[in-house]
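Working notes, beginning with the structure itself.
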Amino acid sequence: MNVHDSMVVRYSADLENETFAMYLKPDTEEGVKEVNFEGVLAHWFEYVVSWNVLDDIEELDIKTFISYFKKVLLEGKSDGWPLFFETLEDLEEQLLNKGYKTYYISGCCGITGFVIAEQVSVKV
Numbered sequence: 111m112n113v114h115d116s117m118v119v120r121y122s123a124d125l126e127n128e129t130f131a132m133y134l135k136p137d138t139e140e141g142v143k144e145v146n147f148e149g150v151l152a153h154w155f156e157y158v159v160s161w162n163v164l165d166d167i168e169e170l171d172i173k174t175f176i177s178y179f180k181k182v183l184l185e186g187k188s189d190g191w192p193l194f195f196e197t198l199e200d201l202e203e204q205l206l207n208k209g210y211k212t213y214y215i216s217g218c219c220g221i222t223g224f225v226i227a228e229q230v231s232v233k234v
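Last residue of the sequence shown: 234 (our numbering), numbering continuous.
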């Protein structure tokens with residue numbers, strides 16, 4: 111996904127329709143201008159500022175995702191977030207069985223986090 115050095119100008123979550131969109135100002139003419147996630151279970155970000163610049167958006171396998179975000183996932187567990195689970199292995203199994211994919215959003219400056227969704231598409 112060609113998002114390196116793109117500035118995040120806006121993002122929005124539609125909880126009822128389970129969608130999440132990021133609107134970007136690409137560094138190059140052929141860069142991605144919009145990233146749309148569908149079938150969204152959850153999203154989480156930190157370090158959000160008014161000048162977020164992306165490094166990458168990449169799909170992680172679920173085991174790697176859980177390893178990266180173990181602390182955040184365990185902190186949300188008692189609130190049923192991102193869904194009710196007993197152990198991290200249970201969470202992994204549920205995400206796999208329900209067809210979810212995990213997307214790691216890394217920033218050069220600012221925003222870092224993830225989206226758990228069924229699919230992603232881009233507009234150039």
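Glycine included, C-beta positions come from ideal geometry on N, C-alpha and C.
Closest by CA to residue i, which one among the options?
i    : options                   : result
T129 : H114, F147 and S116       : F147
K211 : G223, G149 and E199       : G149
S160 : G220, I226, V225 and F195 : G220
N207 : E228, A131 and F179       : E228
F179 : S216, E144 and G209       : S216
To the nearest whole angstrom, what separates the beta carbons of residue i and residue j, a pair I think is in contact under 8 Å?
i    : j    : result
E156 : G223 : 6 Å
V119 : L134 : 7 Å
S116 : V142 : 7 Å
D165 : C218 : 5 Å
I172 : E196 : No, I172 and E196 are not in contact; Cβ-Cβ is about 16 Å, not under 8 Å.
Quick one: Cα of residue i to Cα of residue j, how far?
i    : j    : result
E199 : L205 : 10 Å
S231 : L151 : 16 Å
S177 : K233 : 30 Å
F175 : Y214 : 8 Å
W154 : V225 : 7 Å
W191 : V113 : 28 Å
G186 : E140 : 38 Å
F194 : L184 : 11 Å
Per DSSP, which one or two residues make a beta bridge with residue i?
i    : result
H153 : V225
Y121 : M132
T212 : L170 and I226
V232 : V145
CB of residue i to nearest heavy atom of the ligand SAH: below 8 Å?
i    : result
D124 : Only the bare structure without any ligand can be found here, which leaves the ligand SAH out of the picture.
Please list, in chain order, all residues of the same chain as residue i whose beta carbon is under 6 Å from its beta carbon, the five residues on each side excluded.
i    : result
A131 : S122 and N146
L170 : T212 and Y214
E168 : Y214
Using a C-beta cutoff of 9 Å, does residue i count as contacting chain D?
i    : result
G217 : Reference to chain D is not applicable here, since this structure consists of a single protein chain.
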